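A quick write-up on the structure given underneath.
Residue numbers (the working numbering): 116 to 394.
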C-alpha cells in the first residue's frame, strides 16, 4: 500500500532538523466525501490551508514529512485513544481515558465538527473503518517520523522536530504561536531562537497560548535524550489572500521567515557552527 504522506530528505539526514506538516492534506478520499452531510468545501476550515507550500518552499536539505490525507479523514495530532463516540462505533467508553478539551469540542481523532459548518457526517463510522485509517495513515506517519528523528539524533547527537501548522487570526497582534508544551518538549534555547527570528522582523509572537502543541509533540519529544519538538502556528493571513483560500502577496515573506527560523534552530543544534541563511 502506498504511503499517504510524502517524505523528503536524504539518508543519512543532512540536518538535525526534521519538519512535519500533518494538517495540510487536501486529498479527499471518495469514501469521506460520500459520508459528508456538508459540502466538501466546508472541510477547508479544518485544513492548515497551503502551509505545506510554505514549508516546501522554506525547506533546504532537511527531512520533511507532509501528510496528503486531510485532517477530516484522520487527525495525526490526536492520539489513537482520542476517539469520539458520536462519530465512531468502535469507542468503548469504559476503556476510554478522560475526554480532552479538543475531543469534547468535536476535534478528536476523527473530527466531528468544522467551525461554523457544524456536524460533518451523515453517519457514524464503523470500528473497522476507523481501525483501517489508523493502520494505513496514522501509525505509518508516526512510525516514519520517529525513525527520522532517531536517525537525526544518531547522526548529529541531537534532533529538533518543527511541527508546522497554520491558524486563524487571533484578533490581536500575535501572528505566530510557538508551542513547546509549556517547556516540556524542547530546550528553551531552541524556542528562544525561533522567537527571536519572528521578533526581528516585527511579527508578534506568543508562547503556548492558545496553542501549546498536541499529540505529535507529546509522542515524539524526549529532550532528556536529545530529541526536541516544537510546534509553530502561522496566522493564515500572513501568506494567504484576502479570502484565505489561495496563496497571497505575503507568501514569499513568510517562506523567508520560516527559512530563517529553520536555519536558526540548525545553528543552535550545531552549537553555532553553521552559517545562517542569507536575507
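Backbone N, C-alpha and C fix where the C-beta goes; we use that ideal spot for every residue, glycine too. Just so it is clear, the structure is predicted and the values come from calculations on it, not from any experiment.
For residue i, the first and last residue of its enclosing alpha helix (DSSP H)
| i | result |
| --- | --- |
| residue 290 | No alpha helix (DSSP H) holds residue 290; the beta strand (DSSP E) holding it covers 289-294. |
| residue 331 | 330-335 |
| residue 217 | 216-219 |
| residue 366 | 366-384 |
| residue 196 | Counting along the chain, residue 196 falls outside any alpha helix (DSSP H), and DSSP gives it neither H nor E. |
| residue 185 | It is not in any alpha helix (DSSP H) - residue 185 carries neither H nor E in the DSSP assignment. |
| residue 308 | 303-315 |
Exposure label - residue i; buried when at least 16 CB within 10 Å
| i | result |
| --- | --- |
| residue 124 | buried |
| residue 284 | exposed |
| residue 235 | buried |
| residue 174 | buried |
| residue 472 | Any answer about residue 472 is impossible in this case: the structure gives the chain only from 116 up to 394. |
| residue 137 | buried |
| residue 122 | exposed |
| residue 91 | Only positions 116 to 394 of the chain appear in this structure, which leaves residue 91 out of reach. |
| residue 328 | buried |
| residue 179 | buried |
| residue 120 | buried |
| residue 376 | buried |
| residue 289 | buried |
| residue 349 | buried |
| residue 339 | exposed |
| residue 155 | exposed |
Element boundaries [beta strand (DSSP E), containing residue i]
| i | result |
| --- | --- |
| residue 349 | 342-350 |
| residue 320 | 319-322 |
| residue 181 | 178-182 |
Euclidean distance between Cα positions of residue i and residue j
| i | j | result |
| --- | --- | --- |
| residue 337 | residue 203 | 31 Å |
| residue 261 | residue 165 | 24 Å |
| residue 390 | residue 353 | For residue 390, the predicted structure reports a pLDDT of 44, less than 50, and the residue's modelled location is therefore unreliable. A value from the coordinates is still provided. Approximately 27 Å between the Cα atoms of the pair. |
| residue 218 | residue 197 | 6 Å |
| residue 312 | residue 341 | 23 Å |
| residue 145 | residue 135 | 25 Å |
| residue 270 | residue 325 | 34 Å |
| residue 117 | residue 318 | 40 Å |
| residue 272 | residue 343 | 12 Å |
| residue 84 | residue 189 | The structure shown does not extend to residue 84, since the chain spans only 116 to 394, so no value can be given for it. |
| residue 394 | residue 368 | Confidence at residue 394 is low in this model, with a pLDDT of 34, below 50, so its placement is unreliable and no value can be given for it. |
| residue 142 | residue 184 | 5 Å |
| residue 221 | residue 243 | 21 Å |
| residue 378 | residue 265 | 20 Å |
| residue 207 | residue 199 | 10 Å |
| residue 256 | residue 287 | 34 Å |
| residue 302 | residue 241 | 41 Å |
| residue 172 | residue 385 | 23 Å |
| residue 370 | residue 298 | 26 Å |
Min CB distance residue i to chain C below 8 Å
| i | result |
| --- | --- |
| residue 303 | Among the chains of the structure shown, chain C does not appear; only one protein chain is present. |
Residue i and residue j closer than 8 Å at C-beta
| i | j | result |
| --- | --- | --- |
| residue 332 | residue 364 | no |
| residue 373 | residue 170 | yes |
| residue 132 | residue 381 | yes |
| residue 316 | residue 291 | no |
| residue 161 | residue 193 | no |
| residue 128 | residue 263 | yes |
| residue 323 | residue 295 | yes |
| residue 195 | residue 280 | no |
| residue 359 | residue 351 | yes |
| residue 304 | residue 383 | yes |
| residue 228 | residue 151 | no |
| residue 232 | residue 153 | yes |
| residue 250 | residue 205 | no |
| residue 274 | residue 267 | yes |
| residue 139 | residue 167 | yes |
| residue 293 | residue 276 | no |
### Message
Ignoring anything shorter than 3 residues, give me the beta strand (DSSP E) runs that lie fully in the region 120-170, in order along the chain.
### Response
The region 120-170 contains these whole beta strand (DSSP E) runs: 120-123 and 132-136.
### Complete runs of the alpha helix (DSSP H) confined to the region 224-293 [at least 4 residues]
Counting only runs of at least 4 residues, the region 224-293 fully encloses the following alpha helix (DSSP H) elements, listed from N- to C-terminal order: 242-248 and 254-271.
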